[in-house]
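This note's numbering numbers the first residue of the sequence shown as 355 and each following residue consecutively.
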Amino acid sequence: MDNAIPEFDRISRQLMSLERPKKAKMLVVDDEPDNLDLLYRTFRRDFNVLRAESGVQALEVLKAEGEVAVIISDQRMPEMKGTEFLSKTVPEFPDTVRIILTGFTDVEDLVEAINSGQVYKYITKPWDPNELKIVVQRAAETYELLKLRTEELHRAQAQTELLATIVQVSQEVSAVEASLEPIAVAFGKNFSADICVLQLVAGNALAPGQGNYNGGSIEQDPLLPEAIATKTLQAWANVPENSAAPATAYYQAAGLQAHVLMPVVYRDEVLAVLSLQWKRTFKLPEDELKLIYLSAQQVGLALTSMRLLP
355 MDNAIPEFDR
365 ISRQLMSLER
375 PKKAKMLVVD
385 DEPDNLDLLY
395 RTFRRDFNVL
405 RAESGVQALE
415 VLKAEGEVAV
425 IISDQRMPEM
435 KGTEFLSKTV
445 PEFPDTVRII
455 LTGFTDVEDL
465 VEAINSGQVY
475 KYITKPWDPN
485 ELKIVVQRAA
495 ETYELLKLRT
505 EELHRAQAQT
515 ELLATIVQVS
525 QEVSAVEASL
535 EPIAVAFGKN
545 FSADICVLQL
555 VAGNALAPGQ
565 GNYNGGSIEQ
575 DPLLPEAIAT
585 KTLQAWANVP
595 ENSAAPATAY
605 YQAAGLQAHV
615 LMPVVYRDEV
625 LAVLSLQWKR
635 TFKLPEDELK
645 LIYLSAQQVG
655 LALTSMRLLP
């Protein structure tokens with residue numbers, strides 16, 4: 355596997371290039387339009403700034419826009435205090451970092467909100483723009499760290515569930531063909547693929563026996579012959595450097611943004627091929643590619659074990 359790591363790195367860089375850098379989203383909430391305008395002008399270069407004039411309106415913005423990295427909210431607003439509004443955002447957006455702006459000494463409300471984890475920091479009015487920029491930058495970094503840790507936990511959990519599914523299928527299903535569907539479904543869900551196909555191989559061609567997640571076919575896949583012949587992972591991404599690649603027209607016609615084709619090999623024999631397809635922008639880091647590789651080897655072992663069963 356060590357010799358394949360540089361190939362993983364190259365393919366990962368290509369697939370990661372699909373991810374266009376975007377400004378983090380920020381929501382600013384204040385019932386005074388002048389304050390909203392000032393906050394917008396302060397942060398618009400570095401963030402995609404959303405605005406709301408009340409807690410109620412801010413909740414509607416979040417419902418429409420989804421999670422944001424940072425929320426800056428005034429404390430004293432009609433209908434709903436800033437701390438009350440922020441507390442309502444915690445269940446759905448636990449990783450969002452929340453900042454309160456206050457011109458009053460609402461100590462009791464602020465202390466309770468901070469102690470309960472609903473507020474990251476409070477800033478008194480009138481605020482210093484440079485100080486506020488520093489606080490918001492740290493808040494954005496905190497958000498990114500929280501998201502990274504959350505993704506790592508989800509990835510570890512998904513990896514465990516995927517491997518458990520492969521082992522369970524190998525133990526409970528005696529027919530190879532019957533094992534393909536649950537394994538394809540597990541791979542598709544684990545890697546958030548739009549389509550996943552797992553199909554048996556005999557010699558240098560596809561054989562009867564296919565399992566898929568959300569449909570799909572690889573009969574005419576242009577990367578298939580190379581994957582079987584070389585017994586190595588093949589990948590394609592809809593990026594400018596691949597515009598002249600022979601596979602590009604085929605995948606674009608299929609509406610794909612990225613595709614990974616992994617031979618399932620056991621003792622130098624290609625038993626099957628695993629196809630993961632994405633119709634949307636999807637980043638696939640190197641460790642995810644390695645996980646696909648390792649899991650495919652487990653599938654090879656499972657298929658071999660079922661073949662040997664009486």
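Every residue gets a Cβ at the ideal spot worked out from N, C-alpha and C, and that includes glycine.
Strand pairing of residue 428, partner residues [DSSP]: Counted from its first residue, the sequence shown places residue 428 at position 74. Its beta-bridge partners are 455.
Give me the DSSP bridge partner(s) of residue 636. For this step, residue 636 is matched to residue 282 along the sequence shown. Note: residue 636 sits in no beta bridge, so no partner.
Inter-residue spacing [alpha-carbon to alpha-carbon] between residue 651 and residue 403: Within the sequence shown, residue 651 is the residue found at index 297, counting from 1. Within the sequence shown, residue 403 is the residue found at index 49, counting from 1. Whole-angstrom Cα-Cα distance: 46 Å.
Should residue 399 go down as buried or exposed, given a rule of 16 or more other Cβ atoms within 10 Å for buried? Counting from one through the sequence shown, the residue named residue 399 turns up at place 45. Exposed: under 16 other Cβ atoms inside 10 Å.
Could you check the C-alpha separation between residue 577 and residue 602 for me, to the nearest Å? In the sequence shown, counting from the first residue as 1, residue 577 sits at position 223. In the sequence shown, counting from the first residue as 1, residue 602 sits at position 248. Going from the Cα of residue 577 to the Cα of residue 602 covers about 11 Å.
Sequence ranges, beta strand (DSSP E) only - wholly within the segment 369-448, length at least 3: 378-383, 401-406, 424-428
Residue 665 versus 499, 450, 607, residue with shortest Cα-Cα distance: What is shown of the chain runs 355 to 664, which leaves residue 665 out entirely.
Count the other CB atoms within 10 Å of the CB of residue 384; is the residue buried (16 or more) or exposed (fewer)? Residue mapping note: residue 384 aligns to position 30 of the sequence shown, counting from 1. Buried, by the Cβ-count rule.
Specify the secondary structure class of residue 523 as computed by DSSP and reduced to three states. Counting from one through the sequence shown, the residue named residue 523 turns up at place 169. Correct three-state label for residue 523: helix.
Starting from residue 472 and walking both ways along the alpha helix (DSSP H), at which residues does that stretch end? Reading the sequence shown from its first residue, position 118 is the one you call residue 472. No alpha helix (DSSP H) contains residue 472, which DSSP labels as neither H nor E.
In three-state terms, what does DSSP make of residue 553? To locate residue 553, count along the sequence shown from 1; it is residue 199. Three-state result, residue 553: strand.
Consult DSSP for residue 357 and reduce its assignment to one of helix, strand or coil. As a first step, residue 357 is located in the sequence shown; it is residue number 3 there, counting from the start. In this prediction, residue 357 has a pLDDT of 41, which is less than 50 and means its spatial position is unreliable; what the coordinates show is noted afterwards. The answer is helix: DSSP assigns residue 357 an H, G or I state.
Local conformation of residue 600 per DSSP, three classes: Numbered from its first residue, the sequence shown carries residue 600 at position 246. Coil.
Whole angstroms are fine: how far does the CA of residue 649 sit from the CA of residue 417? In the sequence shown, counting from the first residue as 1, residue 417 sits at position 63. In the sequence shown, counting from the first residue as 1, residue 649 sits at position 295. If I take the Cα positions, the gap works out to 37 Å.
Buried or exposed: residue 356, going by 16 or more other Cβ atoms within 10 Å of its Cβ? Against the sequence shown, residue 356 aligns to sequence position 2. Because residue 356 carries a pLDDT of 43, less than 50, the predicted location of this residue cannot be relied on, and no value is offered for it.
Is residue 661 buried or exposed, if buried means 16 or more other CB atoms sit within 10 Å of its CB? One-based indexing of the sequence shown puts residue 661 at position 307. Residue 661 should be labelled exposed.
In the DSSP output, which residue or residues are listed as bridge partners for residue 565? Against the sequence shown, residue 565 aligns to sequence position 211. The partner list for residue 565 (beta bridge, DSSP) reads 552.
Give the straight-line distance between the Cα atoms of residue 542 and residue 430, rounded to the nearest whole angstrom. For the purposes of this step, residue 542 is taken as residue 188 along the sequence shown, with counting starting at 1. For the purposes of this step, residue 430 is taken as residue 76 along the sequence shown, with counting starting at 1. Their backbone Cα atoms lie some 48 Å apart in a straight line.
Exposed or buried, which one is residue 597 when buried takes at least 16 other CB atoms within 10 Å? For this step, residue 597 is matched to residue 243 along the sequence shown. Classification of residue 597: exposed, given that the 10 Å Cβ count is below 16.
6 Å CB neighbourhood of residue 401 in its chain, flanking five on each side removed: Within the sequence shown, the letter at position 47 stands for residue 401. The residues are 377, 378, 380.
Straight-line CA distance for residue 415 to residue 439? Reading the sequence shown from its first residue, position 61 is the one you call residue 415. Reading the sequence shown from its first residue, position 85 is the one you call residue 439. Whole-angstrom Cα-Cα distance: 12 Å.
By DSSP, does residue 572 sit in helix, in strand, or in coil? Locating residue 572 in the sequence shown gives position 218, counting from the first residue. Three-state result, residue 572: coil.
Based on DSSP bridge pairs, tell me the residues matched to residue 620. In the sequence shown, residue 620 corresponds to position 266, counting from 1. Its beta-bridge partners are 623.
For residue 616 and residue 647, which I take to be in contact (beta-carbon distance under 8 Å), what is that distance rounded to the nearest angstrom? On the sequence shown, position 262 is the one that residue 616 refers to. On the sequence shown, position 293 is the one that residue 647 refers to. Indeed they touch by this definition, with Cβ atoms about 7 Å apart.
Can you give the Cα-Cα distance for residue 444 and residue 473, rounded to whole angstroms? Position 90 of the sequence shown, counted from the first residue, corresponds to residue 444. Position 119 of the sequence shown, counted from the first residue, corresponds to residue 473. Going by the C-alpha atoms only, they are around 10 Å apart.
Taking the CB atoms as reference points, tell me whether residue 606 and residue 592 lie closer together than 8 Å. Sequence index remark: in the sequence shown, residue 606 carries index 252 (1-based). Sequence index remark: in the sequence shown, residue 592 carries index 238 (1-based). The answer is yes: Cβ separation under 8 Å.
Tell me whether residue 614 sits in a helix, a strand or coil according to DSSP, three-state version. By one-based count along the sequence shown, residue 614 stands at place 260. Correct three-state label for residue 614: strand.
How should residue 435 be labelled, buried or exposed, when 16 other C-beta atoms within 10 angstroms of its C-beta is the threshold for buried? As a first step, residue 435 is located in the sequence shown; it is residue number 81 there, counting from the start. Buried is the call here.
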